[in-house]
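Per our numbering, residue 1 is the first one in the sequence shown, and the count goes up by one each step. Backbone N, C-alpha and C fix where the C-beta goes; we use that ideal spot for every residue, glycine too.
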Amino acid sequence: MNTADTTTLFSGKADVYAKARPGYPEALFQFLKDGKIFPQGGAIADVGSGTGIFSRQLLEHGYRVYSVEPNADMRRKAEETLSSKPGFTSVNGTAENTTLPGGSADGVTAAQAFHWFDPDAFRQECLRILKPGGNVLLLWNHRVEDAPLVKENAEIFRRHCPNFTGFSGGNRSNPEAIAHFFGKNLHTKSVENDLFFTWEGFLQRALSSSYAPDQSDGNYLPLVEDLRSLFDRYAEDGQLRMPNYTAFYWGVLE
């Protein structure tokens, strides 16, 4: 996918994105430690870092983080929340041109972002900035697609969001891109990560998507009304449980 077409997709959504998007389960970070995926305290290039959701968790687990993000709104939000944290560096760069020095990263991550990249150009950039033997980690939070709630949620988006192609950019329909990116060194694992939303959180999560209409769009109010109906049918005691898991893919590029 052409980077020029994607770097502005989330402009104007930084605040709602930071509030609504979920983090990643503690089991993932324990696995990174136990599996020695990244050296403890190492320098990680978190590419397509957005508002810094995954960067923050990496920092909290003792890594130094280059948060590489081309969108000014998203990068500003990350700087507001993370600049005071030791080890954080904000970088204005893209997946295909991070601007980082060669050999400066012990690892590279892309959380909820790889489907926006040019995979071949990103691969070459990873090879350039990684130290020898450094791993690349791609990860996504995925809804459980065959769950009734998730199916109905997707149908609402199809009805009101012309640019909706599937959750997480439809990346699960293209596993070949991930396999091609890693080649023979691909490893994969998933862990449960169910999400819990109040009505406000559920709505914010929906509106943080790149394909969601803004309030000036004629699809906005019908979308909100259908989402409210869905929430009311599935929520218990004011909370909705979204069946979800985190899938991650890693390996050393050659």
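| Asked | Found |
| --- | --- |
| Could you tell me the alpha carbon to alpha carbon distance between F202 and L240, rounded to whole angstroms? | 8 Å |
| Please list the segments of the alpha helix (DSSP H) lying wholly inside the stretch 164 to 252, counting only runs of 4 or more residues, in order along the chain. | 175 to 182, 199 to 207 and 220 to 234 |
| Name the two residues that bound the continuous beta strand (DSSP E) containing F29. | From DSSP, F29 is part of no beta strand (DSSP E) but of the alpha helix (DSSP H) over E26 to D34. |
| Under the three-state reduction of DSSP, which class applies to I44: helix, strand or coil? | strand |
| Taking the beta strand (DSSP E) that P132 belongs to, which residues open and close that run? | L130 to R143 |
| Going by DSSP in three states, A154 sits in which element: helix, strand or coil? | helix |
| Pull up the distance between the alpha-carbon of T99 and that of L230, whole angstroms please. | 44 Å |
| Tell me, please, whether the stretch 150 to 161 touches the stretch 103 to 120 by the rule of three or more beta-carbon pairs shorter than 8 Å. | no |
| For the candidate residues I53, G48, T89 and E80, whose alpha-carbon lies nearest to that of E69? | G48 |
| Between which two residues does the alpha helix (DSSP H) holding A78 run? | A72 to L82 |
| Between the Cα of D106 and those of V65, M242, N193 and L221, spot the shortest distance and give me the residue it belongs to. | V65 |
| On the DSSP bridge assignment, give the partners of R159 in chain order. | Note: R159 sits in no beta bridge, so no partner. |
| Here's a check: name, in chain order, each residue in its chain whose Cβ is nearer than 7 Å to the Cβ of E125, leaving out the five neighbours to either side. | A95, E96, N97 and T98 |
| When you compare the CB positions of F164 and Y211, do they come within less than 7 Å of one another, or not? | yes |
| With DSSP collapsed to three states, give me the class of D120. | helix |
| Going by Cα to Cα distance, which pick from A78, R128, K77 and F29 is closest to Y63? | F29 |
| Please go through the same chain and pick out, in chain order, the residues whose beta-carbon is closer than 6 Å to the beta-carbon of F197, but skip the five residues on each side of it. | L240 |
| Where DSSP assigns a beta bridge to F88, which residues make up the other side? | V65 |
| In the DSSP assignment, find the unbroken beta strand (DSSP E) run with A147 in it and report its ends. | That residue, A147, is in no beta strand (DSSP E); it is neither H nor E in DSSP. |
| Quick one: what's got a C-beta closer than 7 Å to K131's C-beta in the same chain, skipping five residues either side? | G103, A105 and D106 |
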